[in-house]
Each structure stands twice: as structure tokens, then as C-alpha cells.
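Numbering (the working numbering), first residue to last: 292 to 865.
Note that the Cβ used here is the ideal one computed from N, Cα and C, for glycine as well.
Down below is the structure, laid out as C-alpha cells.
Encoded structure:
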């Protein structure tokens, strides 16, 4: 039931030590309560004056106040620690998302990434607040109370010590079942979230093809699976709580019966019997409290694991080592570059050379590794094997360097348009761009018509929740960002026109060719009309670089490329 992931948290050992100290203080105060109350009751039962019991009642009252103070201190301390952990985790998660970007969101799902950054971190905080103090109490308090009970009455001590492992074993067995159902429920939640956000994003397309009702039914089915998984988890949790409560009640009853029988036969006096009877519920209380909140903390455990997986997928932050700026004589050598996803190879042993301001095309069928190769070149991912060599310098195992990322512009099929003004979207790479430069780029890329339609010009809000844009307009904004930042000497196009109709693509082609000037371009495509603008081609098939050369060379001698061209001309999807 205890999750080892807790030990990876910052300053956890110091935190546990403080919680142990507070638990020992709580145990001492509760023992003081039991001792003072039992002595006062016995004194009054035996006919003593109230003044004789006053000191013991004062001990009980002082101990009671100390218990409340200790609990307040513990709550304040653990809340502060959980808040610091939550802030640090959220910062690390945002850092991972910003460093890795789209690949991380694609791997875990956009909705899951957003849910973990918002609700997931809060659930982790609640988990720490619930579990850490109760875990320590479960380890410390029963031992202290068992020792005190055994000192007062060894028979009762033996009973509680025998019953304790049985109760813990029962708690573990039930907890494993609940944990498994909680993992299923958490998985259903992630599927539901990602399915819903994908359906909402694709709603215009679904409506166009008249299948929105079908997807609405699918959303309902996924939601029902999540509801059923949640109810199964809650049923298991309630059953576990009821069973443990029953076991604890029977255990206390066993202690009480033995005390009563021995009081009757005179082998035990009232004072130790009353002391043990007061402590017996306290002995089992930490275990019952931990078990009762266990199901409530499972969401936090699952969120913690998901967040750790997301953060761990970013092996190291981008290096601050400075790489040479790219120019017309620069070279980048790829030697045996490979990549795997969850153990499945998607790119195998790619060896190639990129030089100067060449226009390199990457062609192949869907799933051949084009996008993976571009993400590696952009420094968005680290390869599983292989090296990069820039201008003949030392071999690099990754391109995740800040100085490299500053030179690279990565343009995917669906560029990110932020909920911000048109000006802020255009100057994303270079916020200091002048209005003169901005208007020149707008004119060059054919954005003047869009600008004329906006009521507030460059200051009009666009993006999600504001003025919508067509696919071609979004691509032009992505191209404008590159032209407005002279540092971007390397441009990676990941099938940027795949979702555009051919007329829009032809209109956009001239603007894209403009961006290609005086830059290294790596262009992944499956449209044949781009081949005449590319200097060199890399042909990928099932993750392997099977051919490379100019278009003319490959058409004359390359079987894989010729087969691919025939398939594309025949209308087959690449």
C-alpha cells in the first residue's frame, strides 16, 4: 500500500524524521491522557475526594491540549511541505512540456498533459497531505501503545500484538485489489480526456462528413466505461473500509472481554484494565485512518506516477554548450542515428550529411520515420543510438542544445496559433521586430488580405476562442515567424501542406520557397511537385535510409524511390 515513489521527493527523509518526532510527541500525549484519565476515574470510583483526582484530571487536560497542538503543528508542516512539492513538480512538468513540446503531448495525450499539469499536481498534493502523516503514525503509534499496554497487562499486550499483523495483512490484500481497480479507473480517465479533446478539435471535420453523431456516441461509450471503472473502485474501497472497521471492532471486543473476565476473577485490578481499555482503540486507530483514506489517495498516486513518467521522458535539460552558428559552409554528419518508442524501433541506423544552405527532401510512406528524423534534427528528442557531428567537431549524442534550438525553426502540419494578437503570433521568435519589418514580411507572404479583414489590425486577437484562421493562413504565420528572426538558419518542414488542398498548397508554395532562401531546409513531403525545388533526397522505408541522391539520380537508378513515385502518381496515400 505504500508507494516507493515518495522517496524520490525532495527533502523527504528530513520530512519523515520531523513527522516521526511529531508522532512520538502525539503518542506521549495520548499516553498522558490515558494515564491521567484512568487514575482519576479509579480514584473517584474508590470514593476518593475530587481534590485527590484533580492532579490526574489536570494531566489529562494538559495532555489533551498538547495532542491538539501537535496535530495542528503536523497539519501545518505537512501542508507547507506538500505545497512546496506541488510547486516544484508543476514547474518540472511545465519545463518538460516546454522543452519537449509536441512529442510529449502526443505520447501522453493533450488532455492528459493538461490534466496532470492542473488537477494531477493538486491530487498529488492531497495525496502527500493524507498519506505521509498517517503512514508515519501507523508505524510509530501502534508500537508505542503496544509497549504501554504490555507493561500494564501482558495478556492484553499479547492479544494486540498477535492481531496487528493479521490486520495489516488484510489491509494489504484489500488494498492491492483497490489499487488495481484504481489504475484501471485512472487509465479510463486518460482515455476519456484524450478522446473528448480530440473529438472537440475535429468537430468541424466530423460535421463536414456527417459523422459527428457517431463520435458523440463514442464519447458517451468512453464516458460510461470511466463511470463503471469509478464505481467499481469506490465499491472496493467502501468494502475494504467496512471489513477493516469490523476487524478492529472485533479486536477491541476481544481485549475488552479478556479484561472483563480477569476483573471478575480478581487477577487484574481496575487501574491497568481501564488504562488498557482506553488505549486499545488508539492502538488500532492509525491503521483504520490510513486504510480509510487509502482509496482517496489513489488518484494522487496514479497522478504522481504519470507526472514522473512525463518528466522522466525528458532525460536532461538542453545543454548550454555553444554550438557553431550555421552558415553556407557548415556541415552536419549523421552517423548511425536510431530511435525507438517503447522498445519499438522507428528509425534505424540513418547515416547522412547535410551541408550549407541545401534543400534536403525526406520522402517515404507514412510510418517510415520522416517525422521522427525531423524531431531529432530539431533537438526535440534524443536518439536511442548514433551521433551527430557539426563541422567536424566532437561527436554529439543529441542536438538538444540551446544554441542549436535558437537556429532551428520547426514547422509541423498544424502550426501552433496562440490565443494572442496577430502581432504577438507573428513576432513569437523575435518580439523586438520593427513594424516596418513586420509589414514587409506580411506583404511578402500574402497576409495583407487577412490583415485588412481584422477589425483591430495587428492587435486583433486570433487563435482558439478568438478569430479563427484557415490552414493556409496558419502556415503563412509560421513562415512569417521564421522570416522575422534572422537567427533561424535551419528550417525543418514536417509535411506542412499535408492537410491542405492542392490549390491552397500551390498558392503557399511561393511563400515557402521565399523562406528557403539562405537557409538549410529539410523538407518531409509526399507531394511530387516539391521535388523540383529540392537539391537532394533522403528516401526512408520502415525507419531505414534506403536511398539518397538527387531526384534525377534516384529516378534513373533507385528502385525504392521509383516505386514510391509510381505509387504517388497513382493516387495512393503516402
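Query raised in the report: Do you know offhand how far residue 828's Cα is from residue 480's?
Result: Walking along the chain shown from the start, residue 828 turns up at place 537. Walking along the chain shown from the start, residue 480 turns up at place 189. Their backbone Cα atoms lie some 43 Å apart in a straight line.
**Report entry** 4 or more residues per run - each alpha helix (DSSP H) lying fully within the segment 418-457
**Finding:** none
Query raised in the report: DSSP state of residue 832, grouped into three classes?
Result: Position 541 of the chain shown holds residue 832. Strand.
**Report entry** Buried/exposed call for residue 612, threshold 16 Cβ in 10 Å
**Finding:** Mapped onto the chain shown, residue 612 falls at position 321. Residue 612 is exposed by the Cβ-count criterion.
Report task. Please name the residue in 385, 820, 462 and 367 whose C-alpha comes closest to that of residue 421. Result -> On the chain shown, position 130 is the one that residue 421 refers to. Answer by Cα proximity: 367.
Requested in this report: Note down the Cα distance separating residue 404 from residue 442, rounded to an integer number of angstroms.
Outcome: Locating residue 404 in the chain shown gives position 113, where the first residue counts as 1. Locating residue 442 in the chain shown gives position 151, where the first residue counts as 1. Cα to Cα, residue 404 sits roughly 55 Å from residue 442.
Query raised in the report: Does the distance from the C-beta atom of residue 833 to that of residue 662 stay below 8 Å?
Result: Translated into positions along the chain shown, residue 833 becomes position 542. Translated into positions along the chain shown, residue 662 becomes position 371. No, the pair does not count as a contact, with Cβ atoms beyond the cut-off.
Query raised in the report: Is it right to say residue 538 is buried, meaning 16 or more other beta carbons lie within 10 angstroms of its own, or is it exposed?
Result: On the chain shown, residue 538 is found 247 positions in, with the first residue counted as 1. Under this definition residue 538 is a buried residue.
Report task. Specify, as a first and last residue, the run of the alpha helix (DSSP H) that residue 390 falls within. Result -> Along the chain shown, read from residue 1 onward, the residue named residue 390 stands at position 99. First-last of the alpha helix (DSSP H) with residue 390: 341-391.
Query raised in the report: Which residue comes first and which comes last in the beta strand (DSSP E) that contains residue 629?
Result: Within the chain shown, the letter at position 338 stands for residue 629. Looking at the DSSP string, the run of the beta strand (DSSP E) that includes residue 629 is 622-632.
Requested in this report: Kindly indicate which three-state DSSP category residue 814 falls into: helix, strand or coil?
Outcome: Position 523 of the chain shown, counted from the first residue, corresponds to residue 814. Secondary structure of residue 814 (DSSP, three-state): strand.
**Report entry** Residues of its chain near residue 717, where Cβ-Cβ distance is below 7 Å and the 5 sequence neighbours each way are ignored
**Finding:** The count along the chain shown starts at 1 and reaches residue 717 at position 426. Take residue 717, set aside five residues on each side of it, and the residues of its chain with a beta-carbon closer than 7 Å to its own are 729, 768, 771, 772 and 775, in chain order.
Requested in this report: Decide if residue 522 is buried, meaning its Cβ has at least 16 other Cβ atoms within 10 Å, or exposed.
Outcome: Here residue 522 corresponds to residue number 231 of the chain shown, with the count starting at 1. Exposed, by the Cβ-count rule.
**Report entry** Neighbourhood of residue 623 by C-beta distance below 6 Å, restricted to the same chain and skipping five residues each side
**Finding:** The count along the chain shown starts at 1 and reaches residue 623 at position 332. Closer than 6 Å at Cβ, skipping near neighbours: 645 and 681.
Query - Own chain partners of residue 510 with C-beta closer than 7 Å, once the 5 adjacent residues on each side are dropped - result: For this step, residue 510 is matched to residue 219 along the chain shown. Cβ within range, chain order: 486, 487 and 490.
Report task. Have a look at 782, 433, 837 and 806 and flag the residue whose alpha-carbon is nearest the alpha-carbon of residue 322. Result -> As a position in the chain shown, residue 322 is number 31, starting the count at 1. If we check each option's Cα against that of residue 322, 433 comes out closest.
Report task. Pick helix, strand or coil for residue 794, following the three-state DSSP scheme. Result -> In the chain shown, counting from the first residue as 1, residue 794 sits at position 503. Residue state, collapsed to three classes: helix.
**Report entry** CB of residue 804 within 8 Å of CB of residue 788, strictly
**Finding:** Residue numbering aside, residue 804 sits at position 513 when the chain shown is read from its first letter. Residue numbering aside, residue 788 sits at position 497 when the chain shown is read from its first letter. Not closer than 8 Å, so no.
Query raised in the report: Using the beta-carbon count (16 or more within 10 Å), is residue 463 buried or exposed?
Result: As a first step, residue 463 is located in the chain shown; it is residue number 172 there, counting from the start. Exposed.
Query raised in the report: If we ignore side chains and look at the alpha-carbon of each, how far apart do residue 708 and residue 714 end up?
Result: As a working note, residue 708 is residue 417 in the chain shown. As a working note, residue 714 is residue 423 in the chain shown. Approximately 12 Å, taken between the alpha carbons.
Query raised in the report: What residues in its chain sit with their C-beta under 7 Å from that of residue 450, if we drop five residues either side in the sequence?
Result: Counting from one through the chain shown, the residue named residue 450 turns up at place 159. Around residue 450: 545, 546 and 549.
Requested in this report: Classify residue 779 as helix, strand or coil using the three-state DSSP reduction.
Outcome: Looking up residue 779 in the chain shown gives position 488. Here residue 779 carries a coil assignment [DSSP, helix/strand/coil].
**Report entry** residue 417 to residue 379 span [Cα, whole Å]
**Finding:** Residue numbering aside, residue 417 sits at position 126 when the chain shown is read from its first letter. Residue numbering aside, residue 379 sits at position 88 when the chain shown is read from its first letter. If you take the alpha carbons of residue 417 and residue 379, they lie about 15 Å apart.
**Report entry** Three-way DSSP call (helix, strand, coil) for residue 678 in this model
**Finding:** Position 387 of the chain shown, counted from the start, is the residue given in the question as residue 678. Residue 678 sits in a strand when the DSSP states are folded into three classes.
Query raised in the report: Under the rule that 16 or more other beta-carbon atoms within 10 Å means buried, what is residue 346, buried or exposed?
Result: Residue 346 sits at position 55 when you count from the first residue of the chain shown. Looking at its Cβ environment, which holds fewer than 16 other Cβ atoms inside 10 Å, residue 346 is exposed.
Report task. Please work out which residues of its chain come closer than 8 Å, Cβ to Cβ, to residue 846, disregarding the five sequence neighbours upstream and downstream, and give them in chain order. Result -> Position 555 of the chain shown, counted from the start, is the residue given in the question as residue 846. The answer, listed in chain order, is 852, 853 and 856.
Query raised in the report: What does residue 784 pair with, by DSSP beta-bridge criteria?
Result: On the chain shown, position 493 is the one that residue 784 refers to. Answer by DSSP bridge pairing, in chain order: 702 and 814.
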